[in-house]
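One structure is given below, encoded as structure tokens.
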Amino acid sequence: MNDRSIAQILVGIDSNTVLSGARQIKTKLITELSRQGLSEEVKVIETGSIGPTNQGVVLGVFPGGELYANITEDEVEEFIQERFVKGRTYKKRLLAETLPEELRLQEYDSRKTQYYGRIVLDNCGRINPEDITEYIGVGGYEALGYVLKEKSPQEIISIVQDSGLRGRGGAGFPTGLKWSFTFREKRYPKYVICNADEGEPGTFKDRLIMEGDPHKIIEAMAIAGYAVEAETGYIYIRGEYKLSLERLQKAIAQAKEMGFLGNNIFGSDFNFDLQLKIGAGSYVCGEETALLSSLEGYRGEPRLKPPYPAQYGLKQQPTLINNVETLANIPAIILNGSQWFRHFGTENMPGTKVYTVLGHINRPGLIEVPIGITLREIIYDYAGGISSGKFKMAQIGGTAGDILPEQLLDVPLECQSLQELGHNLGSGALLIMNGTVSVADFLRSCMKFFVHESCGKCSVCRIGTSYLYEACDRLNRKEGYVDELKNMKDIATTLKLTAFCPLGQSVAQPVLSALKYFEEELKEGSNPNKKGKLPTREKSEGVFYYS
Amino acid sequence: MKVREIVKKYKGKRENLLQILHEIQDLDAQNYISQENIFILSEIMNIPVSDITGTASFYSMFSFQPRGKYIIRVCASPPCHIMGAETIFEAISKELKINKGETTSDGLFTLEETSCLGICAVAPAIMINDTVYGYLTAERIKEIIAQIREEEGK
């Protein structure tokens, strides 16, 4: 490449900064640089999310690595004058002198552990996601080349198994084990699917991974394909994620051109082809069997398990389905080994986790931290504390997640310790709420979501979600029935035990946890004089009827 | 006809039905899948009309009603809810004088509710066609709508 630039300006372009006019700033930077005759020396590079998300347009300047935030179009001229003509920092909008030390929201505090840093997001905000050569420049596609030359599928699977990587989509199933199930089936063709149907409200980690580092997903899918002997891969992506879609399309085209996808990759006899499939607005399609139905062009309703997708998946063939974040861990594990990966996180759940921290906090955004740190650390160390008022509750893992009160702030966010309390880690959304939020109103909003997204296949979920929504609505209006809470508990438990798919079962999580920790507050919504239409219960048969 | 070309592009495969429906909807001036197009599609792809309708109606991004040129999708999920999404919805509804699912009489705007758009960091948020707007307030809504009206010369 005949790039003679001596400095680079990185413009973080993702769905959040676009709103603040990041694209316009980028254009303005380019025109202004050429007007001042600096186009040769200073290069403007588009990159994914740099980190801070409530700071307007964020720019990084290299070498040096200062961060500038909230830059407006009018200031671009002055900024270039100061920074590149006069050669000093542009004080007015300086957010941080260097990238890692100041921005604790992104980088794990080195005082707490000797192993810090990012695995999944290591390239986000540092490379241009639309240029494959930059990804190769930071070691991209090395892992793929290495496994194709040096490793057999069994060896890769045992590396992944030894690393202890667990699925990051919510269920936390061991990834290596999943791979070995698909590998064991000997019917061809097999398929590899990347689940990028990120519909859980409050979760947008996968979107930022795809926007910031699309090639990593492609590389990981090719490795997975080699490991389970599949030659076709699909990325099932939400229809709403336009920017991710564009960047992945570009990335796939580039990878095909460079020979990382297609026939005889790296001169081996391994062929792998990748296709994008677009969803059309359905939450339940994030459930793996529903995703398969949708991929085949049908209503996205879940199927009965077993048989599991590993045996009878897409088109009844053996299929491997992994979440975006899970896949994004693979190249690093292959290159650095499973022991390296175990340095991060806990014994039971090694690695890092990407969280989206939202709500009433000072610095909402995306963080990647070792698994096992507590909610208190995340809120006060990374997210800058509560923005107004006092902490009241947090919902972890999206709308289908548990609502935790203040006394659980010090529980490590990790499968096992949460499961002991009956909770799940979920997808990685952390919604922090202060005292202004009423539990009944918040639950009502959660249930409204489920009423809309319940697919209607099983009656427990279809009717149960509606009943719970109505109950929360009554409580919110302080017109709840006398035994409202008891009924809610019964119905939520029924959902948990008998709903057809994990979606229906998980509806119970927010309800049961709210009932457990905020019973007193919810009780205030019941009107002691109101005895209304209750669901008729046929005790003898143990069946609920809703009239 | 257009539908025939789209089907041909996707080799007439059932697994591409969602992509085909997306394209049919996007090409339609009124942003919807008409009954007529479903009949044509049914004949070309040899799938019963009931099956196509059943599949399409499952997904919230497809519409069987003509919609406005600008589709306003207001996020109604909990992260936006706690930041005041309901007041945003009311502000739009009041400004355009339409309710959920309705289209303005000039055929410019349709108001819809949507599940999480994945831009929760800037909540409350809405999406107008493919453009996303965040950090909304009732005043900001008025500005955005006024701007679109101005661009359309109405």
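Residue numbers (numbering that gives the first Met the number 0), protein chains in the order written: chain Z, 0 to 546; chain U, 0 to 153.
Beta carbons: idealized from backbone N, C-alpha and C, even for Gly.
Just so it is clear, the structure is predicted and the values come from calculations on it, not from any experiment.
Own chain residues within Cβ distance below 6 angstroms of residue i, not counting five before or after
i                      : result
residue 348 of chain Z : 165, 370, 413, 414
residue 113 of chain Z : Note on residue 113 of chain Z: pLDDT 34, under 50, position unreliable in the model; no value is reported.
residue 117 of chain Z : 367
residue 78 of chain U  : 119, 122
residue 7 of chain Z   : 42, 44, 61
residue 581 of chain Z : An answer regarding residue 581 of chain Z cannot be provided, because it is not within the stretch 0 to 546 covered by chain Z.
residue 470 of chain Z : 483, 487
residue 29 of chain Z  : 43
residue 167 of chain Z : 322, 324, 325
residue 221 of chain Z : 143, 271
residue 354 of chain Z : 366, 427, 429
Minimum Cβ-Cβ distance from residue i to chain U less than 8 angstroms
i                      : result
residue 363 of chain Z : yes
residue 203 of chain Z : yes
residue 501 of chain Z : no
residue 206 of chain Z : yes
residue 358 of chain Z : yes
residue 447 of chain Z : yes
residue 84 of chain Z  : no
residue 398 of chain Z : yes
residue 14 of chain Z  : yes
Reference residue i, options the options, closest by Cα
i                      : options                    : result
residue 378 of chain Z : Z/362, Z/28, Z/367         : Z/362
residue 360 of chain Z : Z/313, Z/291, Z/425, Z/433 : Z/433
residue 495 of chain Z : Z/46, Z/235, Z/422         : Z/422
residue 453 of chain Z : U/97, U/139, U/114         : U/114
residue 130 of chain U : Z/438, Z/17, Z/410         : Z/17
residue 173 of chain Z : Z/12, Z/319, Z/384         : Z/319
residue 2 of chain U   : U/33, U/89, U/136          : U/33
residue 258 of chain Z : Z/420, Z/131, Z/409        : Z/131
residue 134 of chain U : U/30, U/143, U/124         : U/124
residue 216 of chain Z : Z/295, Z/321, Z/241        : Z/321
residue 298 of chain Z : Z/168, Z/305, Z/286, Z/308 : Z/286
residue 152 of chain Z : Z/139, Z/170, Z/178, Z/128 : Z/178
Interface partners of residue i on chain Z, CB under 8 angstroms
i                      : result
residue 59 of chain U  : 279, 280, 281, 451
residue 116 of chain U : 239
residue 54 of chain U  : 296, 297, 298
residue 18 of chain U  : 276, 277
Three-state class that DSSP yields for residue i in the structure shown
i                      : result
residue 235 of chain Z : strand
residue 175 of chain Z : helix
residue 475 of chain Z : helix
residue 503 of chain Z : helix
residue 83 of chain U  : coil
residue 351 of chain Z : strand
residue 95 of chain Z  : strand
residue 254 of chain Z : helix
residue 409 of chain Z : coil
residue 75 of chain Z  : helix
residue 46 of chain U  : coil
Partners in chain Z for residue i, counting only beta-carbon separations shorter than 9 angstroms
i                      : result
residue 15 of chain U  : 276, 296
residue 146 of chain U : What residue 146 of chain U touches in chain Z: nothing, since even the nearest Cβ is about 14 angstroms away.
Chain Z within 8 angstroms of residue i, Cβ atoms only
i                      : result
residue 81 of chain U  : yes
residue 47 of chain U  : no
residue 78 of chain U  : yes
residue 90 of chain U  : no
residue 137 of chain U : no
Same chain, Cβ closer than 8 angstroms to residue i, neighbours up to 5 away in sequence not counted
i                     : result
residue 6 of chain U  : 19, 40, 43, 44
residue 59 of chain U : 113, 114
residue 11 of chain U : 43, 44
Contacting residues, own chain, Cβ-Cβ under 7 angstroms from residue i (five flanking each side not counted)
i                      : result
residue 542 of chain Z : Here the model assigns residue 542 of chain Z a pLDDT of 44, short of 50, so the residue's position is not dependable, and the following value carries that caveat. Excluding positions up to five away in sequence, the list is empty.
residue 386 of chain Z : 359, 360, 361
residue 449 of chain Z : 464, 506
residue 341 of chain Z : 162, 163, 349
residue 442 of chain Z : 471, 509, 510, 513
Where residue i meets chain U, residues with beta-carbon distance less than 8 angstroms
i                      : result
residue 42 of chain Z  : Result: empty, since nearest Cβ-Cβ is about 28 angstroms, beyond 8 angstroms.
residue 53 of chain Z  : 120, 121
residue 355 of chain Z : 119, 120
residue 299 of chain Z : 57, 58
residue 436 of chain Z : 81
Contact list for residue i against chain U, beta-carbon separation under 7 angstroms
i                      : result
residue 432 of chain Z : 81
residue 18 of chain Z  : 121, 131, 132, 133
residue 200 of chain Z : 76, 77, 78, 114, 115
Proximal residues of chain C, C-beta to C-beta of residue i below 7 angstroms
i                      : result
residue 197 of chain Z : Among the protein chains of the structure shown, namely Z and U, there is no chain C.
Contacts of residue i in chain U (Cβ-Cβ under 9 angstroms)
i                      : result
residue 441 of chain Z : 77, 80, 81
residue 505 of chain Z : Those within 9 angstroms of residue 505 of chain Z in chain U number zero; the least Cβ separation is about 14 angstroms.
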